[in-house]
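One structure is given here, and the rest of the page talks about it.
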Amino acid sequence: MIEHALLRDPGAVVVVSIRLWDQLATELIQIIGERGVALMYARSLRQSQKQFSWLTPHPPQALAAAMTALRASLQGQADIVACTASTAMLMHFINTLILLIGELLTNSILLKAWGDGVVNNAGTEPNE
Numbered sequence: 009m010i011e012h013a014l015l016r017d018p019g020a021v022v023v024v025s026i027r028l029w030d031q032l033a034t035e036l037i038q039i040i041g042e043r044g045v046a047l048m049y050a051r052s053l054r055q056s057q058k059q060f061s062w063l064t065p066h067p068p069q070a071l072a073a074a075m076t077a078l079r080a081s082l083q084g085q086a087d088i089v090a091c092t093a094s095t096a097m098l099m100h101f102i103n104t105l106i107l108l109i110g111e112l113l114t115n116s117i118l119l120k121a122w123g124d125g126v127v128n129n130a131g132t133e134p135n136e
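In this text, residue positions in the sequence shown follow this note's numbering: the first is 9, and each later residue adds one.
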């Protein structure tokens, strides 16, 4: 569902990626604070860099600065590559959140941040 949201508007992958992060951060800052969001984001970035080495590394920092760095990294890529990397980062973040607070609360936060169109069980593992 995240990929679908990112690719819904061709050419807007970067803008939509940043919007999804901003919306999620807005909800989470109320619960874990800005520093907590920054730390989780940095962890997600580090995990995603294993697959997408072109993502710009940086230590935990204010979300605005992190989004500027992410925007710059994503803008240098084709839409499908930027979409895949952004989806991976968000899924690392969501899966960490699930480990910390549980799937039900995570899905509730995602629903509040993104609405039904994106969530629809975005935080669940696919059946194999």
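Beta carbons: idealized from backbone N, C-alpha and C, even for Gly. Keep in mind that this is a model prediction, so the values were computed, not measured.
Item, Value
"Limits of the alpha helix (DSSP H) - the one that Thr76 falls within", "71 to 83"
"Unbroken alpha helix (DSSP H) run spanning Gly41, endpoints", "21 to 57"
"9 Å Cβ cutoff met for Val45 and Leu71", "yes"
"For Leu63, three-class secondary structure by DSSP", "coil"
"Cutoff 9 Å: Ser81 Cβ touching any chain B Cβ", "Absent from the structure: chain B. Only one protein chain is present."
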